[in-house]
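Asks: Quick note on numbering: my numbering labels position 47 of the sequence shown as 142, and the sequence is numbered without any gaps.
Ideal Cβ placement from N, Cα and C applies to all residues, glycine included.
Bear in mind that the values here come from a model prediction, so they are computed numbers and not experimental data.
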Amino acid sequence: MTFIIRPKQRAGTLLALAAGLIAVVALAVAVTAGADSTPVGHLPAGAVSTITTAPNQLVAVALPHAAKKSGLSWRLARRYDSNVVRQISEADVDASVVLVFKVVGRGKTSLVFGLTRGDTSPKALKSATRKIISR
Numbered sequence: 096m097t098f099i100i101r102p103k104q105r106a107g108t109l110l111a112l113a114a115g116l117i118a119v120v121a122l123a124v125a126v127t128a129g130a131d132s133t134p135v136g137h138l139p140a141g142a143v144s145t146i147t148t149a150p151n152q153l154v155a156v157a158l159p160h161a162a163k164k165s166g167l168s169w170r171l172a173r174r175y176d177s178n179v180v181r182q183i184s185e186a187d188v189d190a191s192v193v194l195v196f197k198v199v200g201r202g203k204t205s206l207v208f209g210l211t212r213g214d215t216s217p218k219a220l221k222s223a224t225r226k227i228i229s230r
């Protein structure tokens, strides 16, 4: 790739190149950070529910908090199709952790959660699955 920079365009072009480089580095850091999580292994049988929805809708998943000081936390245990849903927020609401997903396309995917001891344990003590069907 060759860049030709004319003298009058130099400052704006260099600023644009720097911004692009920063964006690429930020994306690389985000991808690397996501890859550091310990995968969740075998999942015990758990609750399964199905949600039928449409694009441009929101889906909220509420999972019960573990007992305080237990060190347990809910994690996404399996990959889901980001062409169907994308997570947009997460919050603690009363006795639950609520994850909100935006439906971005048509199709089917499953949101599979495992309750593990911290973010590094591969052993799930409980599981919960929400099957999403977007028509």
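#1: Enumerate in chain order the residues of its own chain whose CB-to-CB distance from residue 175 is below 6 Å, with the five nearest sequence positions on each side excluded.
#2: Can you check whether the CB of residue 188 is closer than 8 Å to the CB of residue 152?
#3: Taking 8 Å as the cut-off, decide whether the C-beta atoms of residue 222 and residue 213 are in contact.
#4: Roughly how many angstroms separate the alpha carbons of residue 219 and residue 201, rounded to a whole number?
#5: Hey, would you say the C-beta of residue 177 is under 7 Å away from at least one heavy atom of the ligand SAH?
#6: Taking just the CA atoms, how far does residue 177 sit from residue 224?
#7: Where do the N-terminal and C-terminal ends of the beta strand (DSSP E) with residue 218 fall, by residue?
Replies: Judging by the given coordinates:
#1: Taking the sequence shown and counting its residues from 1, the one referred to as residue 175 is at position 80. Hits under 6 Å: 204, 206.
#2: Working through the sequence shown from its first residue, we reach residue 152 at position 57. Working through the sequence shown from its first residue, we reach residue 188 at position 93. Residue 188 is positioned such that its CB atom lies no closer than 8 Å to that of residue 152.
#3: On the sequence shown, residue 222 is found 127 positions in, with the first residue counted as 1. On the sequence shown, residue 213 is found 118 positions in, with the first residue counted as 1. For residue 222 and residue 213, no; Cβs fall outside 8 Å.
#4: Start at 1 with the first residue of the sequence shown, and residue 219 comes out as number 124. Start at 1 with the first residue of the sequence shown, and residue 201 comes out as number 106. Taking the straight line joining both Cα atoms gives about 30 Å.
#5: In the structure shown, the ligand SAH is absent, as is every other ligand, since no ligand is present at all.
#6: Numbered from 1 along the sequence shown, position 129 holds the residue referred to as residue 224. Numbered from 1 along the sequence shown, position 82 holds the residue referred to as residue 177. The straight-line gap from Cα to Cα measures roughly 16 Å.
#7: Here residue 218 corresponds to residue number 123 of the sequence shown, with the count starting at 1. Element bounds for residue 218: n/a, residue is neither H nor E.
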